[in-house]
Amino acid sequence: MQHFITINDIRSDEFHRILELSASIKQQVKRGEYQHYLANKMLAMVFEKQSLRTRVSFETGMFQLGGSSTYLGNEIGFGKRESIKDIAEVLSSMVDVIMFRGMKHQSVEDLARYSAVPVINGLTDSAHPCQALADMFTLREIFGDLRGKKLSWVGDANNVAASLLQASARLGVKFSVAAPSGYQFDSNVISNLIGDGAAEGFDLELTDDPFKAVKNAIAVYTDVWVSMGQEAEEEERKKILSPYQVNAELMAAAGHNAIFLHCLPARRGLEVTDEVMDSSQSKVIQQAENRLHAQKGLLVWLLNETR
Ligand code: CP
Ligand code: NVA
């Protein structure tokens, strides 16, 4: 069974295939054509955390592909009302694909273990592969072939950063991460994160200097300093991460051809200024829209081209 729990679940050639499907489906939609590649297919979306983009992009995507989706939030009492095994077996007896957004990464792995249908990770504490897929789609749309180009991450090396690191390895992108000590990737986990699929052109730079990270980068990417589930650490995180704000000075160091990316939601005035968010370098709305197109590519690949 093919799942999409982390980027390492797909090889480089599969990654390229999904990006190709996403691009062709996006072009069709822009021409007003809606091909029902997933007629009669049902997606169950299980959420333990809040969402705007992930929910709407999956729901719209399934609708446009001729299928449907159902949203399952607090009412199912995930992990409390019944076991994950029972949830996985029941859900997968009725639907064709499951998307899960959860607190613990272990939960999505457990769902996948017991599911008879593909499981997609819609964000956990350690990964956000759908975001990385869509982000590489956006970068490719703007810059073409990404091999050897440099993507910079500034701030907390979190779940989104981990998936971008894996995606960079798959596509041969240079990934530079500026984070303070304690919020940087742990050198012990890096080889696990990269797995065995680093493509030519990939490189990883870890630094505590945001100006070093953004130098010669095609894109400057940041995310919130306090991810969902980390609210108790809010004050400490804001203090330690404040030198890592993406502002006009940092964007100037990257150069005027560099774009700004953020997975959103953004805390304007903290990790990024209004000035950068609203600048012409900011591609965050295109980036958000591409969640829809990239996930349609992913769904078509998973349901029609694997198994
Ligand atoms: N970027 C992202 O996953 O957004 P949501 O949390 O709104 O789904
Ligand atoms: N790192 C953030 C991403 C939200 C899309 C979080 O996990 O809350």
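Its first residue numbered 27, the sequence shown is counted upward by one per residue in the working numbering.
Each residue gets a CB set at the ideal place from its N, CA and C atoms; glycine is no exception.
- Query: How long is the line joining the alpha carbons of VAL186 and ASN214, rounded to whole angstroms?
  - Reply: Reading the sequence shown from its first residue, position 160 is the one you call residue 186. Reading the sequence shown from its first residue, position 188 is the one you call residue 214. Between VAL186 and ASN214, the C-alpha separation is close to 18 Å.
- SER341: CB within 7 Å of a non-hydrogen atom of the ligand CP: The structure shown does not extend to residue 341, since the chain spans only 27 to 333, so no value can be given for it.
- Which residues in the same chain as ARG166 place their Cβ atom closer than 7 Å to its Cβ, once the five residues preceding and following it in sequence are excluded? The residue labelled residue 166 in the question sits at position 140 within the sequence shown. The residues are LEU45, LEU172.
- Which residues in the same chain have their Cβ closer than 6 Å to the Cβ of ALA142, if we skip the five residues on either side of it in sequence? Counted from its first residue, the sequence shown places residue 142 at position 116. So the list reads SER118, once near-sequence residues are dropped.
- Message: Considering only their Cβ atoms, is the gap separating SER202 from SER178 smaller than 8 Å?
- Response: The sequence position of residue 178 within the sequence shown is 152, counting from 1. The sequence position of residue 202 within the sequence shown is 176, counting from 1. Yes, the pair counts as a contact, with Cβ atoms nearer than the cut-off.
- Task: Whole angstroms is fine: what's the gap from SER306's alpha carbon to ASN34's?
- Result: Residue numbering aside, residue 306 sits at position 280 when the sequence shown is read from its first letter. Residue numbering aside, residue 34 sits at position 8 when the sequence shown is read from its first letter. Roughly 33 Å between the two C-alpha positions.
- Task: Output the boundary residues of the alpha helix (DSSP H) element that contains ILE102.
- Result: Your numbering for residue 102 matches position 76 in the sequence shown. Looking at the DSSP string, ILE102 is not in any alpha helix (DSSP H), and its letter there is neither H nor E.
- Going by Cα to Cα distance, which pick from GLN28, PHE41, GLN256, HIS131 is closest to ALA225? For this step, residue 225 is matched to residue 199 along the sequence shown. It is PHE41.
- For THR332, count neighbouring C-beta atoms within 10 Å of its own C-beta (all shown protein chains included) and say buried if the count is 16 or more, exposed if not. Your numbering for residue 332 matches position 306 in the sequence shown. The residue is exposed, with fewer than 16 neighbouring Cβ atoms inside 10 Å.
- Message: Below 7 Å, is the gap between the Cβ of LEU287 and the nearest heavy atom of the ligand MG?
- Response: Although the ligand MG was asked about, the structure shown includes only the ligand CP and the ligand NVA as ligands.
- Item | Beta-ladder partner(s) of PHE89, from DSSP | As a working note, residue 89 is residue 63 in the sequence shown. Partner(s): none; PHE89 has no beta bridge.
- Message: Considering only heavy atoms of the ligand CP, does any lie closer than 7 Å to the CB of THR80?
- Response: Numbered from its first residue, the sequence shown carries residue 80 at position 54. Yes, the ligand CP has a heavy atom inside 7 Å of this Cβ.
- Task: Give the DSSP-derived three-state secondary structure of ASP182 in the structure shown.
- Result: The sequence position of residue 182 within the sequence shown is 156, counting from 1. DSSP places ASP182 in coil when its eight states are reduced to three.
- Would you list the one or two residues that DSSP bridges to GLU46? Locating residue 46 in the sequence shown gives position 20, counting from the first residue. None, per the DSSP bridge assignment.
- Exposed unless 16 or more other CB atoms sit within 10 angstroms - verdict on ARG196: Taking the sequence shown and counting its residues from 1, one reaches residue 196 at position 170. The residue in question, ARG196, is buried, as its Cβ has 16 or more Cβ neighbours within 10 Å.
- Message: Using a Cβ-based criterion (distance less than 7 Å to any ligand heavy atom), does PRO291 qualify as near the ligand CP?
- Response: Residue numbering aside, residue 291 sits at position 265 when the sequence shown is read from its first letter. Yes.
- Message: If contacts are defined as beta-carbon pairs under 8 Å, then ASP249 and GLY181 qualify, I think. What distance do you get, rounded to the angstrom?
- Response: Here the question's residue 249 lines up with position 223 in the sequence shown. Here the question's residue 181 lines up with position 155 in the sequence shown. With a Cβ gap of about 6 Å, ASP249 and GLY181 count as contacting.
- Message: Output needed for LEU232: all residues of its chain with C-beta closer than 7 Å, excluding positions within five of it in sequence on either side, in chain order.
- Response: Here residue 232 refers to the residue found at position 206 of the sequence shown. Cβ neighbours of LEU232 beyond the five flanking positions: VAL203, GLN210, PHE211.
- Got a sec: does the ligand NVA put a non-hydrogen atom nearer than 7 Å to the Cβ of SER141? Your numbering for residue 141 matches position 115 in the sequence shown. No - the ligand NVA has no heavy atom lying nearer than 7 Å to the Cβ of SER141.
- Within 10 angstroms of its Cβ, does MET120 collect 16 or more other Cβ (buried), or is it exposed? Start at 1 with the first residue of the sequence shown, and residue 120 comes out as number 94. MET120 should be labelled exposed.
- Run through DSSP, which three-state label would HIS282 get? As a first step, residue 282 must be located in the sequence shown, where it is residue number 256. The answer is coil: DSSP assigns HIS282 none of H, G, I, E or B.
- Message: Between SER95 and LEU64, how many whole angstroms is the CB-CB distance? I'm expecting something under 8 Å.
- Response: Locating residue 95 in the sequence shown gives position 69, where the first residue counts as 1. Locating residue 64 in the sequence shown gives position 38, where the first residue counts as 1. In fact, because the Cβ distance is near 10 Å, the residues do not count as touching under 8 Å.
- Message: Helix, strand or coil for VAL252? Go by DSSP, reduced to three states.
- Response: The residue given as residue 252 occupies position 226 in the sequence shown. Coil, per DSSP.
- Item | Euclidean distance between Cα positions of ILE168 and LYS309 | Within the sequence shown, numbered from 1, the residue matching residue 168 stands at position 142. Within the sequence shown, numbered from 1, the residue matching residue 309 stands at position 283. Answer to the nearest angstrom: the Cα atoms are 10 Å apart.
- Same chain, Cβ closer than 6 Å to ALA205, five either side skipped, listed in chain order: Reading the sequence shown from its first residue, position 179 is the one you call residue 205. Only ALA183 meet the Cβ criterion.
- Figure out for me which residue from ARG293, ALA274, ARG139, ALA292 has the closest Cα to the Cα of ALA284. For the purposes of this step, residue 284 is identified with residue 258 of the sequence shown, where counting begins at 1. Among ARG293, ALA274, ARG139, ALA292, the Cα nearest to that of ALA284 is on ALA274.
- Task: Measure the C-alpha to C-alpha separation of GLY93 and ARG79 and round it to an integer number of angstroms.
- Result: On the sequence shown, position 67 is the one that residue 93 refers to. On the sequence shown, position 53 is the one that residue 79 refers to. Each residue's alpha carbon lies about 19 Å from the other.
- Task: Indicate whether MET125 and ILE110 have their beta-carbon atoms separated by less than 8 Å.
- Result: Taking the first residue of the sequence shown as 1, we reach residue 125 at position 99. Taking the first residue of the sequence shown as 1, we reach residue 110 at position 84. Result no, Cβ atoms of MET125 and ILE110 do not sit closer than 8 Å.
- Message: Helix, strand or coil for ALA245? Go by DSSP, reduced to three states.
- Response: By 1-based counting over the sequence shown, the position of residue 245 is 219. Three-state DSSP puts ALA245 in a strand.
- Query: For PHE286, which option in LYS75, ASP304, VAL326 has the closest C-alpha, if you only look at C-alpha atoms?
  - Reply: Against the sequence shown, residue 286 aligns to sequence position 260. Of the candidates LYS75, ASP304, VAL326, the one whose C-alpha sits nearest the C-alpha of PHE286 is ASP304.
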